[in-house]
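Enquirer:
In our numbering, the protein residues as written are 8 to 752.
Here it is, written out as structure tokens:
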């Protein structure tokens, strides 16, 4: 099949493969389009022949004659079988389209109307991905294959003789393996040129034009992907070369205490994005030569010594910079310098590096920023502590629990002591007859293990209310003398317990700020069940009125309790409330302190995590500052663009005015030119008339001159005739005289 196809495509162009008459009938654009399609098919066949030479001649000979293993042969001819399958199917599709485009009367005449759909099918979807993968691998390993071929040729004598033998093979046509590999790598770059030429001779706004345009875009996408694969492979090879030249014991200490080793550079997901020489500026202002490696998530500085690379050491700064929070900024008044500001949680640090040119610096800045944007976010580091830290934390928790038990026992002891003291005070008051012991609750309003404990604010409000009651009693007119409080006095006569007086006193007290606070405290007291229960124990009708003073007055009237007994009841209640408040404060302090310690312990980070947190905050601040700076820079750029637009608008207006002035000048010049043309036309007519007159005069003069010359010639001829006649006459006379007889004298 290949030999038959070679015969079909021996001609140089389509025009020479079809009949001359058939070609003459076609339009010139059609002929040129067919020539380009024919060139596409012809070069595809030549490419297939090259692939077959590589497979059937070189590869088979290397396996069978040289006895090389498949892995070695694959290093020289990578992906060869996939290339053969791909291009065979492509050429078969184009050959079938040619067969279907045959035109009568001769079988050799054909006109391919549609080729875009075949190209679109070949360069789309699955085939496009296969081309990216196959050509990407083949082109990436091009240099490696050629180098390995030369190595085999130098060290393998059987391979040398085999290559020399194939040089005389007619099928090879003096092509060597490196040349064949180069032709394969160049083939993919020929498609866009041919497709552009086909598009040039294809009518616009047609389906064929649309298919060709899509196919052209897709093959360009394939070429871009192949170029990317080649560049990535070359960068990986350079990375491997640098890594192989590094000292095995070379390490770098990072800010977080981690030791970065040579093996960490080849970790999973690591890839070299860019490399090149830089100048690292030291604290003393000296520039040190380093080799910068821009990886996926870090920027590494290396220094060369004795043909070996080690991590650079400058001013005790880490030579490994994480990209997660790296900020790149220009150096003011230095077009070749840039700052690298590391704002990561590992510890902020600033580096100043320089390049050999401004363009190189801009390229580095662009690549670093792109790498920072594409760099994966820094994963949250595990905050688990070491075993020693865990044991220390458990010991602290156990100690806190022990302290909690001691505090609980001390709080219970405090509550018991306060309650006993309250009971002693009540017993003394009852013994003196000041209060009725049956009406007094001798328990605290706060218990250590009670679930429903009143808040300290409620107790304080109740205490204030009792104090207000005492104030009301002491400030009443009936309490003018100290003797009124003695138990021996006639209470009914000397100290009338009129509810009106107490209500008035209570009303007076409500006008003061203290009364307002007391009223609020009474409401809180009424909401607390313990205080309400305690108060109702003293007076069952307590809680029916909002004003506690009014309630006391009502109780005093209804129960007929002497005023001094009410006074001592208030004192007893106040004492009970204050003791309860003291117990509540003690319990609350213990509870608060224990909870504070427990919360502090549970949320306590390790020193390393705390340091990372502080550094992260500082780094985030730097990032926010950089974002703000970039935002301001963008605003400045927008303002500059606005100014440039205004300037452009002004320049445009000025240019339009100048154009209008030029147009006016041009119009004036054209008018003057037209006037001059008209004058010139008139002068030309005048000159033409004068010329005609002169021509007539010249013609007359020439005719007269000709007549004169003719007359002169006639005169000359007549004179010559007369002269001839005179000569003849003279001759006759001489001859006559000689013929006469001489006279003798």
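The C-beta atom is built at its ideal place from N, Cα and C for all residues, glycine as well.
In the DSSP output, which residue or residues are listed as bridge partners for residue 742?
Expert: For residue 742, no pairing in a beta bridge is given by DSSP.
Enquirer: Is the CB-CB distance between residue 288 and residue 359 below 8 Å?
Expert: yes
Enquirer: Would you kindly work out how many angstroms separate the C-alpha atoms of residue 30 and residue 38, rounded to a whole number?
Expert: 7 Å
Enquirer: Going by DSSP, which residues form a beta bridge with residue 345?
Expert: 337, 360
Enquirer: Take residue 269 as the anchor and find which of 236, 241, 296, 309 has the nearest alpha-carbon.
Expert: Each of 236, 241, 296, 309 was checked against the Cα of residue 269, and the nearest Cα belongs to 309.
Enquirer: Cutting at 7 Å between CB atoms, please list the residues of its own chain near residue 160, excluding the five before and the five after it.
Expert: Exclusion of the five residues before and after residue 160 leaves 166, 167, 170 as the residues of its chain whose Cβ lies within less than 7 Å of its Cβ.
Enquirer: Does the beta carbon of residue 675 come closer than 8 Å to any beta carbon on chain B?
Expert: Note that chain B does not occur in the displayed structure, where there is just one protein chain.
Enquirer: Check the C-beta distance from residue 66 over to residue 84 and give it rounded, since I have them as a contact under 8 Å.
Expert: The Cβ separation is near 5 Å, so the contact holds.
Enquirer: Who are the Cβ neighbours of residue 77 in its own chain at under 8 Å, not counting the five residues just before and after it?
Expert: 70
Enquirer: Can you name the residues that DSSP bridges to residue 296?
Expert: Looking at the DSSP output, residue 296 shares a beta bridge with 286.
Enquirer: Tell me the DSSP secondary structure of residue 265 in three-state form.
Expert: coil
Enquirer: Can you check DSSP and say which residues form a bridge with residue 309?
Expert: The partner list for residue 309 (beta bridge, DSSP) reads 298, 318.
Enquirer: Is there contact between the segment 125 to 140 and the segment 48 to 63, where contact requires at least three CB pairs shorter than 8 Å?
Expert: no
Enquirer: What's the gap between the Cα of residue 741 and the Cα of residue 733?
Expert: 12 Å
Enquirer: In whole angstroms, what separates the C-alpha of residue 645 from that of residue 251?
Expert: 48 Å
Enquirer: Tell whether a beta-carbon distance below 8 Å holds between residue 100 and residue 125.
Expert: Taking the C-beta atoms as reference points, residue 125 is found nearer than 8 Å to residue 100.
Enquirer: Where do the ends of the alpha helix (DSSP H) carrying residue 205 lie?
Expert: Residues 197 to 207.
Enquirer: What residue from 368, 317, 382 has the CA that sits closest to residue 278's CA?
Expert: Residue nearest to residue 278 within the set 368, 317, 382 is 382 (criterion: CA-CA distance).
Enquirer: Please name the residue or residues paired with residue 329 in a DSSP beta bridge.
Expert: Within the DSSP bridge table, the entry for residue 329 names 305 as partners.
Enquirer: Between the alpha carbons of residue 736 and residue 744, how many angstroms are there, rounded?
Expert: So the two alpha carbons sit approximately 12 Å from each other.
Enquirer: What does a CB cutoff of less than 7 Å around residue 265 pick up in its chain, not counting 5 residues either side in sequence?
Expert: none
Enquirer: How is the alpha helix (DSSP H) around residue 754 delimited, first residue to last?
Expert: Lying outside 8 to 752, the shown extent of the chain, residue 754 is not represented and no answer is given.
Enquirer: Apart from the five residues just before and just after residue 18, which ones in its own chain have a Cβ nearer than 7 Å to its Cβ?
Expert: 24
Enquirer: Please report the distance separating the alpha-carbon of residue 685 from that of residue 697.
Expert: 18 Å
Enquirer: Which residues mark the beginning and the end of the alpha helix (DSSP H) in which residue 1 is found?
Expert: Outside the shown range of the chain (8 to 752) lies residue 1, about which nothing can therefore be said.
Enquirer: Using only alpha-carbon positions, find the residue among 212, 12, 181, 177 that is nearest to residue 103.
Expert: 12
Enquirer: Note the first and the last residue of the continuous alpha helix (DSSP H) segment covering residue 231.
Expert: Counted as a single uninterrupted DSSP element, the alpha helix (DSSP H) harbouring residue 231 occupies residues 214 to 251.
Enquirer: Cα-Cα, which of 582, 373, 676, 296 is closest to residue 428?
Expert: 582
Enquirer: Taking Cβ to Cβ, would you say residue 187 is nearer than 8 Å to residue 60?
Expert: yes
Enquirer: What does the alpha-carbon distance come out to for the pair residue 118 and residue 209?
Expert: 14 Å
Enquirer: Are at least three pairs of beta-carbons, each pair with one atom in the segment 224 to 243 and one in the segment 198 to 215, less than 8 Å apart?
Expert: In short, these stretches touch, since the Cβ pair count reaches three.
Enquirer: Using the beta-carbon count (16 or more within 10 Å), is residue 46 buried or exposed?
Expert: Buried, because 16 or more other Cβ atoms sit within 10 Å of the Cβ of residue 46.
Enquirer: My assumption, with CB atoms under 8 Å, is that residue 470 sits in contact with residue 588. Please give the rounded CB distance.
Expert: 6 Å
Enquirer: What does the alpha-carbon distance come out to for the pair residue 663 and residue 672?
Expert: 14 Å
Enquirer: For residue 246, which residues from the same chain have a beta carbon less than 6 Å from its beta carbon, with the 5 sequence-adjacent residues on both sides left out?
Expert: Excluding residues up to 5 positions away in sequence, 279 lie with their Cβ nearer than 6 Å to the Cβ of residue 246 in the same chain.
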